[in-house]
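Written below as structure tokens is the structure these notes are about.
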Amino acid sequence: MKRLIIEPVRLDILAKEQMGSERDGALEALLDANPGLAKEGPFVVAPRFVEIPPTPEKPTVPNVNPWD
């Protein structure tokens, strides 16, 4: 999905607002979907269309009980 950015916004804030999180690979997925975006620095310069990729699946962490 493409979104029009009408005012400068930090990349991590954009990922959190549009994808629900800036963690677990979401910011990296945003940068992968928009080649050259990382070269512009931490802010998205407006006006600009940005491709918002689907939020990546969270990695599953095994539950370990130290008393087993």
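The UniProt record's numbering numbers the first residue of the sequence shown as 1 and each following residue consecutively.
All residues carry an ideal CB built from backbone N, CA and C; glycine is no exception.
Burial state of residue i (16 or more Cβ within 10 Å)
i	result
A15	buried
L4	exposed
Residues near residue i in its chain [Cβ-Cβ closer than 8 angstroms; skip 5 each side]
i	result
N34	V50 and E51
D32	P53
Within 9 angstroms, strictly: CB atoms of residue i and residue j
i	j	result
P8	A38	no
E22	D12	yes
Per-residue DSSP class, three states only, for residue i
i	result
I5	strand
E57	coil
E51	strand
From the options, residue whose alpha carbon lies closest to that of residue i
i	options	result
E40	R10, M1 and V61	R10
G25	V61, N65 and E57	E57
I6	R23, F43 and V61	F43
K2	R48, R23, A29 and I13	R48
G20	G36, E28 and T55	T55
Cβ shell of residue i (< 6 angstroms), same chain only, five flanking positions each side left out
i	result
Q18	I52
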